[in-house]
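Here is the structure we will look at.
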Amino acid sequence: MRLFVTGGTGAIGGHAVPALVAAGHEVRALARGEDKARTLAGEGAEPIAVSLFDRDGLAAAFDGCEAVVNLASALPSSASFVRRSAWAQCTRIRTEGSAAVVDAALRAGVERLVQESVVMIYRDQGDRWIDEHAEVDRYPIAEGNHAAEASARRFTDAAGAGVTLRFGLFYGPGAAHSEQFVAMGRRHVGVVFGHPDTYLSSIHLDDAASAVVAALSVPAGTYNIVDDEPVTRRVHADAIAHAVGADAWVRAPGRAALLLGDRTTSMTRSLRVDNGAFRSVSGWAPSHRSVREGYVSMVGQLCGG
Ligand SMILES: NC(=O)c1ccc[n+]([C@@H]2O[C@H](COP(=O)([O-])OP(=O)(O)OC[C@H]3O[C@@H](n4cnc5c(N)ncnc54)[C@H](OP(=O)(O)O)[C@@H]3O)[C@@H](O)[C@H]2O)c1
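For the sequence shown, the residue numbers in our numbering are 210 to 514.
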């Protein structure tokens, strides 16, 4: 299949582009600057310089493509995550960018759109399992995700096959915050946002990438992309401690993170998310069933093992 990928140079894109190429697809990808273009070319993709907000340029770039995969985002760094103003560009990319991508894809006759989203838009459900019918929540930093999902639904209404992938918390080499969790683990700090007995649903970037490949042949719809065994934040911190071989002597920031309300709610809410729908329509399965083995694998990958 001939594809166009946006966000192909990001954390998930760095895994998804090589996976799409390895699956035999002809991949064009948005490149911002020469360094990024060289990286994409090295992965076997054709780099294209075009703005995410330029409908005419995008429509020309999408010409001849059967699918567009929109993975563009601009999440703030961990240091500025709680500053609302730091989210402006990410919200613009997910709102105006996703709308421009859909308009251009429709104009170019693209048949399929794959749009990234996150499971953090579900409401806190305690220890109950969450499938795709569960209620979603609107809080300031999730507005961009809702807009991007609406763009994908608009594509489905017009062209038939919009697929939204709601990813769990990324981890693996390239997912900056998870590399920070590992670094803190080595210093005997267990990173726990909120109550330690609440649930966290994660996905290794290798498995997020294989889900993007699988999304090219599933029915239109919205799917959760998480591993098989969401764990509590306590178990998550223990999994990192085990992977780095250093017991956690302290947990941080703990329940103090709850004081920041909706600014940290994406990191503190309890989300025990089910991946059954995507598994059943695609045959996809995560290679890392849970963070218990996934963080061991990640630490091995970081050490070049
Ligand atoms: N809930 C979570 O999972 C969570 C929480 C906290 C932090 N994070 C962090 O967020 C990152 C998530 O991975 P990601 O792949 O979604 O994001 P990412 O690594 O930040 O990549 C974003 C992608 O979008 C592209 N992009 C950014 N601005 C653009 C624009 N104006 N026009 C076109 N493209 C643009 C980037 O291109 P360029 O390469 O050219 O910049 C890049 O390809 C991870 O690093 C993770 O550590 C995630």
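Note that CB positions come from ideal geometry on N, CA and C, so glycine has one too.
Predicted model, so just to flag it, every value in this text is computed and none were measured.
Nearest to residue i by alpha carbon, out of the options?
i	options	result
A446	N484, Y380, A418 and S491	Y380
G233	G513, S499, V422 and T431	V422
C512	R478, V391, I302 and R316	V391
S479	P495, I257, I221 and S411	S411
R347	T365, V327, A361 and R362	V327
S387	S286, M329 and D272	S286
A295	F213, L284 and R303	L284
P439	L378, A418, A246 and P349	L378
M476	L212, V500 and A466	A466
E252	H224, G273, R264 and D265	H224
R211	T474, G273 and S496	G273
G335	P405, E502 and A450	P405
R464	G369, V400 and Q298	V400
E255	A450, T218 and N484	T218
T304	G454, F376 and F262	F262
E275	F376, G369 and A297	G369
M329	N484, A269 and F376	F376
Please report the straight-line C-alpha distance between residue i and residue j, rounded to a whole angstrom.
i	j	result
G306	Q389	29 Å
Y504	W458	19 Å
A420	A308	23 Å
H355	E325	11 Å
R396	A452	13 Å
E235	V323	16 Å
I434	R337	17 Å
V444	Y331	21 Å
D333	E243	42 Å
L374	N279	10 Å
E358	R316	19 Å
V319	F271	7 Å
G394	V226	30 Å
G509	R321	36 Å
A494	A367	30 Å
R488	Y432	9 Å
D312	R264	7 Å
F402	R472	12 Å
I350	S506	31 Å
D456	A424	39 Å
A450	R293	31 Å
I339	T474	17 Å
G222	V482	23 Å
G454	P382	18 Å
A269	E502	44 Å
A297	A418	26 Å
With a cut-off of 8 Å on the beta carbons, I'd call residue i and residue j a contact; round off their distance for me.
i	j	result
A486	E341	6 Å
V490	V427	5 Å
D416	S289	About 28 Å separates the two Cβ atoms, so there is no contact after all.
V310	L267	6 Å
Given a cut-off of 7 Å, decide if residue j and residue i are closer than it, judged by their beta-carbon atoms.
i	j	result
V291	L469	yes
G371	A429	yes
Y408	T441	yes
A238	L249	yes
A220	A384	yes
V259	A314	no
I302	A281	yes
V500	A461	no
R498	D437	yes
G353	T300	yes
A231	A240	no
| If you scan the segment 408-455 from start to end, which runs of the alpha helix (DSSP H) of 4 or more residues do you find wholly inside it? | Entirely contained in the segment 408-455, the alpha helix (DSSP H) runs reaching 4 residues are, in chain order, 414-423 and 442-453.
| Every unbroken beta strand (DSSP E) inside the segment 230-288 [3 residues or more] | As far as the segment 230-288 is concerned, its whole beta strand (DSSP E) runs of at least 3 residues are 235-239, 255-257 and 276-279.
| message | Extract the residue ranges of the beta strand (DSSP E) inside the segment 274-358, only unbroken runs of 3 or more that lie entirely within it. | response | The qualifying runs are 276-279 and 321-327.
| Can you list, in chain order, the stretches of the beta strand (DSSP E) that have 3 or more residues and sit fully within the segment 452-493? | For the segment 452-493, whole beta strand (DSSP E) runs of length 3 or above, ordered along the chain, are 459-463.
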